[in-house]
Structure formats: C-alpha cells, structure tokens
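Structure first, commentary second.
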C-alpha cells in the first residue's frame, strides 16, 4: 500500500492494533522504495524523510509504529548508492514484518513454560500475547483455570473469555473489583503491554496497576507479555510516555 | 406489626436495609409484649422465645437484626413480674429504634470533622453513613470533590453519584479499575460496613478491600462509617461471619 | 500436698508443665488454709505470706505459678474473719484449678472453628493447646493436613507427630529450615505460648519467631493458643520477661 | 580420563562437587580430542557430539557440567580444519579448568574486602566459596566471629564449624531455628550457590531462603559466593531449574 | 494565686511548661473554692463556671491545662452542698498537683527498666520525661551512651546535652540530618510528647516523626515518655488537635 | 599547568570541586604530553606513569580525578609511536574536559523534562547538577515551588536558596528535621552525588539518605543528578568507597 493510503487507513482506525500498525508502516516504506522511479540518491532521501514523517504522524502515540519505521530505515543513511539504499529498506521491512508476526508465537512458547498443571491464571483486558501464552500451554495439554477481568469501561474481558472458551479453556469472567478477592487462589498473572519504557516501567490498560498491586501483595508472579517493538526508545532520554485518551 | 407479618415482610425483602430490618425486629417484639393478653410469666417467656427465634430466622445473616432483637430483650430475664418484663421490652425497643435512626446523623457529624477544604474524597458502593458524612461536610460549607466507584456488578455507585449530585456536590463516577489511578489525588476515603467483627475486621461490598489496599499503599486515610449495631457479637468466640451471596 | 512438699516437687521437676505447676501452687495454698489450726487472723496472714513466698520461689520464672497463687489469694486481704479468709482461699483454688483444667479443652473448641476442609496446618514444638485445636477439628470430621517442625535441639516435634499420627491425623515432620519452603502450601499456623506480655508480645520456644516471620511474609494467619494464666502481669509496669535457659 | 570412564565416575558419585564434575567433563572432551585418530572433520564432529551428549547425560541437573562442556566446545564449530578444532578444544578445556580452580581463591579475595574488624558473620551449609571468603579475611588478620547453622537434615554445618575452628576462627554452631534470634547480632551473611538463574534467582540448600528472609528483615547484607560456571544459561529462555532430590 | 493573676501569668508565659500550667490552673480553682465567701450553691456554680472558662481561655491549645481543670472539677456537679463541693475541688486539685509532680519521677523509674548495659540511646528535643528515664538509669549504675539531636531551629538539643553531661552521662550532639546515619548503632529511642490523641497518635516537636521513621526502618524500639494529663480527650469525638505555631 | 603545580593546587584546595579537579588532572597530563621533549617511547611511558601517580595522589578520595586521569590515558598503551601516544593523550584530555563542562548543562536538560507545572521540588545541600535541572525547567517557563534543606552543619542550603531566589524561583528554606513534614506536599526530589558505586549505591552529603527514606515512604520520586565521571570504577571489584571526613 502506498504511503498516503497507509496514513489514511491508520488514521481512520481501519488499520489498528499495535502489531498491524507497525507492519503497515514498514510495508509502506518498503513499497515506497520499491516503486521509487527517481535516480537521485539525495532526492530519494528527501522524499523518504517526508514519507517517514507522514507515516509517524498518522498515530504519534504508537510506539510500535515508531519502532517499525525506524527498524525499516536502520542503516539506510550509510548506503552509498540508491540501489543499495532501496535494497536495504526492502530487506529491513521484510525482516521486521516477519519477526513481528512471529513474536506473538514465540512469546506463547516462552511463556507457556511457566504454566504448570493446577495453575490458576489471571489475565486483564485482551492481550494477544497473553492469550498466546495461555493457548500454547493449553495445546501442550496442561490443566489449569483462567480468570479474566471484565475490564470496564470497554469490557474487553468479554472478548478474552470468548476466545479462550471457544478453545475449550476453563475460563471465568470476574468484575474488576473482585481481583483482590480471587487473588488468593491465583498462581500466575499474564498481561500484555501498551509500551515498556527504558526504565522498565509498564504502560498498559487502566486497571493493570491495580492487578499488579494485588498480585504483589499476594506474592503472585506477574508476567508481562510484550513484543520488543513495544519498547519506548524515546524514554532513554527521560522523555515521558504520552498516553492516548479516547 | 405482629411477628408473623414482620417475618414475612423481611423474608420477601419488602422490609430491607440493615437499619430497617433491625428496627422492624425490635418493633415486632415490642408489639408482641404490648398486645400479650396472657397472665403467666413463664408462658410469656416461652412464647417470647418462640417469637424471637422466628424473627431471627427471617434473615439469619443480618447482624443488625440479631443486635436489634437482643437489644430489645436485654435484661428481660431478670424481671420478676410479667408487667415489668413487658415494660422493659417496650422501653428497650423504643430506645434501640431511636438510637438507630439517630446513628446515621451522628456519624455524619463526627465524620464531617475530618473533611477539610480542598479534600478529594473517594467512596465505594452506596453507604448511607458515608453519604451522611459527605453531605454534612457539604452543608457546613466545605469545598471538596468526590470520586464514586461504579461498583460492578450492581452499579450502586450510580445511585451514590445521583444522590450527591442532586445536592450540588462535585462528584465524578469512575470505573472500579481506576481506583489506584485516582488514588494519587485522593486525600480521604469513606466507606460503609456490612459488619465489623470483634477483631476489627471489616466485611463490606466486594471491591472494598481493593480500595483499602490502594489507599494504604498511597498512605491515604480510610474511614469506615458504621453504626454500632453492625458489630458481630458472635465473632467474640471466633465464629466466622457468614456472607450472603445473592 | 503441703507447702514444703509442693516446693520440693516443683524444684525437682517432679511436678512440671505450666498448668500442673500452677495448680500445685493453688492446691498447696488451699491445703494450707484448710489444715490451719491457729485462731488468730493476723498470725494466719503472716504464715500465709510466708507460704506464698516459698511457693513462688520454687520456680520464679513460671508465670503460671505466679498467676495460680495470686488467683488463689485474690480478695483474701479484705475478709474480716479467719473463717471467711480460709473459705475464700479454698474456693478460689478450686475455681482456678477447674478453669485451668478446662482451658485446653475450651481453646480446642474455639480454635477448631477456624479449621476448614482442605486446610494445611503448621505447628511448631509440642503445645498441648495447639494440639487440642488440631485434634478437636479432626474429631469434628474435618479433612486437613499437618506439618510439624522437628524443633531442634530437643526435637519436641517428634512427640507432636507421634501424638497426632496416633489419632489418625495426616502429619508430616519437616526440618526447621524447611518452614519457608512449605509455607506456600500452609493455610494456618497454630502455636502455643510460654508467656504473653501486657503489650501482646509472645514469648515461646526458639524458632517460633522464625515461623511467624515466614507466615507473615506469606500472609498466612498464625494463631497463638494460650491459657489466660500464661499472661505476665508484671509486664504492665514495663518489667522484662526473664527467660529460663536450661 | 576417557569419556566412558568419566561418565561412569560421575554417575557413581566417585567424581562429585560442582567444580570437580565440570572439570572432569572438560578434561574428558580435551582427552577425546587429543587422542582422536580419525582424519575426517565431519566424522570427528559427529563423534564429538555423541561424546558431549554422554557427558551431559551423566548428571543432567548439574549446571556446572553443562557450562564446563560448553566452554570447552565454544567456537569449535567455526574451525575450518580438524587440527584447528582439536587445538581449540584442548586450549578451551585447559583454560576452563584453570579458571575453575582459581575461582574459589578469587572469590575469597574479593569477598574478604567486605569483612571488617568486629563483624559477626553467619554462614549456612558448607560452601567452599563462602569458607574461602571467611578464611581469607582471617589470614588478613581481621577479627570477627562466625555463626554456622547446623543445616538439617544432613548437618553440613558441623563440617563448616570443624573447618573454621581448625584454622583458629571463633565459630559457633546454632540450630537452624535460631537464625532469626542471632540475626540481631549478625553484620554480614555469606552463602554459596547451587545455581543462579538469568533472572538473578539463587537456588541453594534448603534453609537458605529462610536465612535470607531473616537477614532482609534485619537489614543485614547477604553475599552470595558463586563461581560464574554456576549460572544457568537455559533460564534465559524461561526454562525452570530442575532441583535434584536425593 | 487567684484566677485573674493565674490567667495573666499563663498568658504572659510567666507560667510556662505543660506541667506547670496544668498545676496553676488546678491551684487557681482550689484557691477560688477555698476563698469563696458566698453561701449559695447555685451562685457558686455559676461563678465557678466563669472562672473555669477564664482559665481555659488563657491557653486554649494546652491539653494539660484542660486536663488539670477538669480533674479538679471532676464530680463537683454531683455534690449536694456548697461545703462538699468546695472540699471536693480542694481535694481534687491537691491530688492532681501531687500526681503531676510525681509523674516525671515515676516515668523515669518505669522507663529505666528498659535500659540495659551497652545500650545506645537517642533522644530528640528536650523532654523532662525522657531525661528522667535516662538519668534514672544512670543513677542505677547502668553503662550506656546517648545521642541527642540538635533540634533545629531552636536547638533545644544543646540544653539536653548540657543537662546530661553535667550528670556525667556520655552524650554526643548530632545534627538532625545524621539521625539515620547513627540509627544503625542506636538500640533505643526515648522522646517526650506534646499530646497524645485517643487514637494513639503522638504530637510532638518537629523532627520527631523523622526520628520515628528511621527507628522503625532500623527496627529500633522507640519509647514515648508522657504524663497521662497530656492525653487529648477531645479527640475521642474525632476532633483534630490544634497545633500552636510560635 | 604542569603536573607539580597542578598537584600543589589540588592539595591546597586552590582547585576544588569534583569537576574542576578532574579537568585539572586531565589538562596536566595533556600539557605533560604536549611539552614532552624526549624521543624515547619507553622513557615517556615511565615518566607518564610517574606523573599519573603524582596527580592521583593529590586527592586519593576524589573519584572524579581518578576518572579524568584514566579517561585521558585510555588506549595510550596500545599506541605504537611516541607521537601517536602524545596525540591520543591530548585528544582524550580535550574530549574529557569538554564533556565534563557540558555534563551539568545536559543533566539540566534531561532532568527538566521531568518537571511539570504545579510540581513541588525538594533539594538537599548544594548540587550544581540538581540546580541546573531546576533552573533549566524555570527558564522553560514551568511553574513550580522549591524546598531546600538547611543542610547542617555547614548550611549549604543557604547557598542553594540564594542561587535559586536570585533567578526568581519560589524557594523556601526548611530545617533538616522538617523533611518528612513537607514531604506530603513534595512531588519530586532532586539531589546530586559525591559518587555512585558499581552496585548503584549513592554516596552523598549527610542527610541525603534521610531525605530518600522520607521520599520512599511517601512514594515521591527521587532523582540523582550525577555526571558519569562520578562513578566509582574500583567498586566493581567490591572495594568499599573511602569517605573523606573534613
């Protein structure tokens, strides 16, 4: 898809979800390079910079987009020729997209190692990485029970419950204020991430910190399931994370 | 109201609310004594014991009923004559009912001393005692802001918000999972009580302990607004509180 | 038994155990009063004071003895006649001894209310009050499991394991350093008391505080099973408890 | 020693101790390379892989063996010729063994910097690294006192006490349940390690976590004395450590 | 001294110090009763009420004055005759004044039981009750060392150091910010009280809560040395303590 | 300045302050290299080593000097010719000095990102890095309030207050013992560093740990503003930091 269409699709929420947005940004730059007909490297660089700014501007609060775009452009400044530059961008985008698609699967495999027979798992909101961990463990034949919070106000927990129940997993919906009450039976918590800062701070759906507080009090281990492209590089220089309010 | 009608009305939830149930029990025993036509003290005692058991059986989990009934009968065993016994029961019931009606008002006056200009108050569920504190402080001209939790699943927080807003109090409804997020702005928490045990343990609506956990972490003072007839005397001998599930 | 024989028997450890020593002291004073042949109240009081000092001196570190002796003499100074004084002492001693014998049974009944099906109980050392709680719950048909610490250096845990196993209770001996490891499965801890100070401090067999530390970290409730005559009245004036080293 | 003999000796516990097992594995591979008479690199690699598996299988729970074997084989896949491969393996094994032998001495020197006159040291079980720290400080003329736990059930603390006392160090044996009682006098704790995971978790003899809990409560610094070949590389991918039960 | 002179002397700070103010208030009422020449009980009561209000108004923030005045008037409403009323007031005042004078001495005796050879004591500001504890222990021949904080801005610590040094006690002045640094050597902290609320909250010189925080972190026992007439009875109904700013 | 003059100036405190001392050491080595007239590399190295020791010896407790000197000599051993060696030393020194001068400015820019309108900032002692953060935020137009501790005994807080007030910043001096009292209003704490160890331990002016304790209790973020040349490399091998007492 060309840059303009990608920007429009992201702005209109037609393309949504941290992973999909990031891959769309990477692909748009790859297509831009592939279809570029000019011959001048300097001109290409200027046009590329403009394309990059447009793409980043389509969702300034999405760290995944920032990371996908920069992963795609990595090293392109150092290329000596136009052809080399284009080739690198195309290769980078392909690599980023593949690893992005694989990430949820790999997270599922790594995280499932931590689930054991008899576990009682709590999850909050609707994280594909956390769900991947739970489903992978279930496919491995492990026996466990899941609590999913309703996650008011948008009630994403109902989506989570439906996804897990469809696979045959024993899952129970609880109201958000029941977290501390069920925590005494919970053995592990798995949540996703909106972003993770350079200081290791997790930014995620409202209610996550309350789940973490109750888990910490009850000495229950809480696992954050996050693709690496959710890390916020800007926080290295002490910039604060901007949180989107819808 | 006679004993049978009272029992029916409590069972059918026609009479509901901790205070109203307790007063209905006390009144039923008072009416029983007043209208008793027999002349034999022993026979009266036996009939009274039966009436007492019927009333207590109408809602065995209601501590307030237990307390109202026992406050009414207090000292009646020691009376030497039928007339003295009847007089004492009538007097006890009157006294219990009056102090029960006054309790919410007095709690409001005591609690309001703790509210100061600039406070940010959090309340959970719909407690008439906690609301009395907030409204009393408001009538005293104090300037403050209130957060009320939605209190899923029955959303009693909406009733709370409506009651307070109607009086002109600045009140905001929050989802239950936002408690820890707003706690950094909160200066005081006021909640009601279902019952309080002899060890000082508070039993209250689901979510209360989560509010308390967040308040404790943030070093915000939490006040429990409870009439004394909500104390559980049976817990003195280490009996556990039975929690009603509806 | 007369005072001198009682003192000898306590000193030689022939009479041992907090309860038995206390009752022996009470009985010795009762016998002293019963068999006193003098007629002069003042003389009786002086002889009694001497008997009291002798008995207390037989084991100065035993709080139970101090409490048994003072319970026996309570109010005797206020009696106007020799006969009244003797009668009171005899009555007090009888009452103390009966309540002392009943205490372990009553503790068992109160404590057993806290044990539920599925509990995993930890006990330390060999406390007859803690064992009474466990055995009472077992007789009530409750299903649970017990861990008993070895309690080095004297290994009183082996006595505990034998007592419980003989009744058919599922009990496992663990080394003292395994307490924190098993604590994640434990739901309740029951221990006895050597003495309890006026500030509520528990003094008990070495290792008890370590069990309490691990229980507190794991948020497991710990119950101290103690007869009231183990309370140290001298600590009201900030005196420290003297700990016997054998 | 050849591979088969080494495997047998490890399995029969003839060769035991984390360091000795690791060095035996490294030496067996070195000898295998040195004595290999074949000429084909591919064949050598296949035979080497088999030897490696046999050695690792002799004690699958020993992280030190895994690390010794992998340190020996490091880089061997990248060698272009059979001679280069053999030479690298021989060199790697020599280097690993030397550094393994030196590690305890170096740990002693580093750790002793932390011991000062007047310190009261606690150690648990019988760790040669922790003992090396204590003895090095003693040789430097520092004045301190040591508590060693009995370490039930196998009582390795008695070995520790004998080793230290023989050198003239002031050492006292305590029962495991006295740890929290002596901790108020202790200024530093030194313990060894069975293994350390990639998350920094220490796995060590039962009772270590209880010592750590008491040290943490009393704000006493606890030092883990561990050779680097005790780190568990498999835990990088969230695998759990398998604990051997004897 | 008559009521007017007492009021003037308190207002002008001629009479100062919690104890002296309280005793002056009690004495003024006693003198008022003793010198009253009227014959009518009702008139006396009205005059007495006025005297009481004047005295209380001389220092409204002094809890000790409130307590001294109310202790003096205790029970006077129930007296049937003018003579009885006067006699009671005179007796009450005498009793209050004596016990007030004795309190510091008794606190010294009780508190000194807690000091042992080798202790390192920290005190803050200049509390006569805390100093009484330290000096009593010193007179008993106990060997210990004292740290006294400078207590900026008014530097009352210098007075404390002088008082203690004059008696021959080993005392060191430290700056207020060194509290946490010396706390690792401190074994006990003794401080005084401005007032103590019904919830057990201590109100005292600025810096006391910081000392308490450091003591709590280091698990050092902190003793509050307070006469009972420093308790704030008004706080029973949740009134807040008014803090005087000079 | 030549080496001898530099050493003298540092010893006499003519050159003082962590940054200035470090830059003086770097410059002295650079001048030494620039002015060296010999032709023999080995001889140069020996003379350089002597110069280095002299410079380090002028203030052995100053980590910044150690770091400035080693940054200047970094890589010089690997140079093949005298000219290369001299050139590298001159270049290194220039680079160190520039980055040292810039560090406080950069810290100011990074730290100021964390200050927001409405903040209440606490600082302790007189740290140029912490002041740089506060002043940078002020220049950016942010509205906030500052508390500065007096920092007894040398009262560096008065210097801090003067510096900030001169710029028009709203700053209040507090006594050191008021830290915990104002902490409930404080939103961020900024302090400097004397040195930071390899374990992340901060060593700074007395009182800093007390500020940190109060901030931690109140969950207020505390930022340490430190140039990288204040890190103590020797602590990597567990050496303890030597603290200078003046």
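Chains as they are written, first to last, in my numbering: chain Z, 3 to 248; chain H, 3 to 248; chain G, 3 to 248; chain E, 3 to 248; chain D, 3 to 248; chain Y, 3 to 248.
For each residue, glycine too, the CB sits at the ideal point set by N, CA and C.
Small disclaimer: the values here were computed from a predicted structure and weren't measured.
A direct Cα-Cα distance of roughly 25 angstroms separates residue 103 of chain H from residue 170 of chain H. According to the DSSP secondary-structure assignment, residue 122 of chain H is paired through a beta bridge with H/147. Taking C-beta atoms under 8 angstroms as the contact rule, residue 105 of chain Y and residue 69 of chain Y fail to qualify, at a distance of about 12 angstroms. Contact between residue 64 of chain Z and residue 95 of chain Z fails: their C-beta atoms lie close to 17 angstroms from each other, not under 8 angstroms. The C-alpha of residue 173 of chain Z lies about 14 angstroms from the C-alpha of residue 192 of chain Z. Residue-level contact check: residue 145 of chain G does not touch chain H, since none of the beta carbons of chain H fall below 7 angstroms from its beta carbon. In the structure shown, the three-state DSSP call for residue 175 of chain G is strand. In this structure residue 144 of chain Z touches residue 117 of chain Z by the C-beta definition: roughly 5 angstroms separates them, less than 8 angstroms. Think of a sphere of 7 angstroms around the beta carbon of residue 21 of chain Y: no beta carbon from chain D falls inside it, the nearest being about 25 angstroms out. One alpha carbon belongs to residue 58 of chain G, the other to residue 149 of chain E, and they sit about 37 angstroms apart. For residue 190 of chain G, no alpha helix (DSSP H) run applies; the uninterrupted beta strand (DSSP E) run containing it begins and ends at 190-193, by DSSP. A straight line joining the alpha-carbon of residue 151 of chain G with that of residue 127 of chain G spans about 7 angstroms.
Interface annotation, residue 186 of chain G: not in contact with chain H, CB-CB separation never under 7 angstroms.
Residues of the stretch 209-242 of chain D that bring their beta carbon within less than 9 angstroms of a beta carbon in chain H comprise 239, 240, 241 and 242, in sequence order. Checking the DSSP bridge columns, you'll see residue 233 of chain Z partnered with Z/198. Residue 5 of chain Y: member of the alpha helix (DSSP H) spanning 5-13, first to last residue. In the assembly as shown, residue 231 of chain D is a buried residue. Its beta-carbon has 16 or more other beta-carbons within 10 Å. The contact set of residue 157 of chain G on chain E, defined by CB atoms closer than 9 angstroms, is empty, because the minimum CB distance reaches about 10 angstroms. The three-state secondary structure of residue 71 of chain G, taken from DSSP, is helix. DSSP places residue 226 of chain Y in no alpha helix (DSSP H) but in the uninterrupted beta strand (DSSP E) bounded by 223-226. Of the residues assessed, residue 212 of chain Y falls on the buried side of the cut-off, its CB having 16 or more other CB atoms within 10 angstroms. Between residue 51 of chain Z and the set Z/35, Z/66, Z/202 and Z/41, the nearest pair of CA atoms involves Z/35. As DSSP reads the structure, residue 205 of chain E sits in a beta bridge with E/197. In this structure residue 112 of chain E is in contact with residue 239 of chain Y, their Cβ atoms being roughly 6 angstroms apart against a cut-off of 8 angstroms. Taken in chain order, the unbroken stretches of alpha helix (DSSP H) that lie wholly in the stretch 27-69 of chain D and span 4 residues or more are 43-59. Within the stretch 108-130 of chain H, the residues whose Cβ lies closer than 8 angstroms to some Cβ of chain D are 112, 113, 115 and 116, listed in chain order.
Sixteen is the threshold: when 16 or more other Cβ atoms of the shown chains lie within 10 Å of the Cβ of residue 215 of chain H, as they do, the residue is buried. For the 7 angstroms CB-CB criterion, residue 60 of chain Y and residue 5 of chain Y do not form a contact. Cβ-Cβ separation between residue 139 of chain Z and residue 71 of chain Z: approximately 34 angstroms, too far for a contact (criterion under 8 angstroms).
Annotation for residue 92 of chain Y: the continuous alpha helix (DSSP H) segment containing it runs 84-114. Identification of chain H residues near residue 148 of chain Z by a Cβ-Cβ cut-off of 9 angstroms yields none; the smallest Cβ-Cβ distance measures about 18 angstroms. Residue state for residue 220 of chain Z is assigned as coil, using DSSP reduced to three classes. Here DSSP, grouped into helix, strand and coil, assigns residue 154 of chain Z to coil. Our two residues, residue 85 of chain Y and residue 101 of chain Y, have alpha carbons roughly 24 angstroms apart in a direct line. What residue 180 of chain Y touches in chain D, judged by beta-carbon distance under 8 angstroms, is 208 and 209, going in chain order.
Out of H/87, H/180, H/134 and H/132, the CA that lies nearest to the CA of residue 155 of chain Z is found in H/180.
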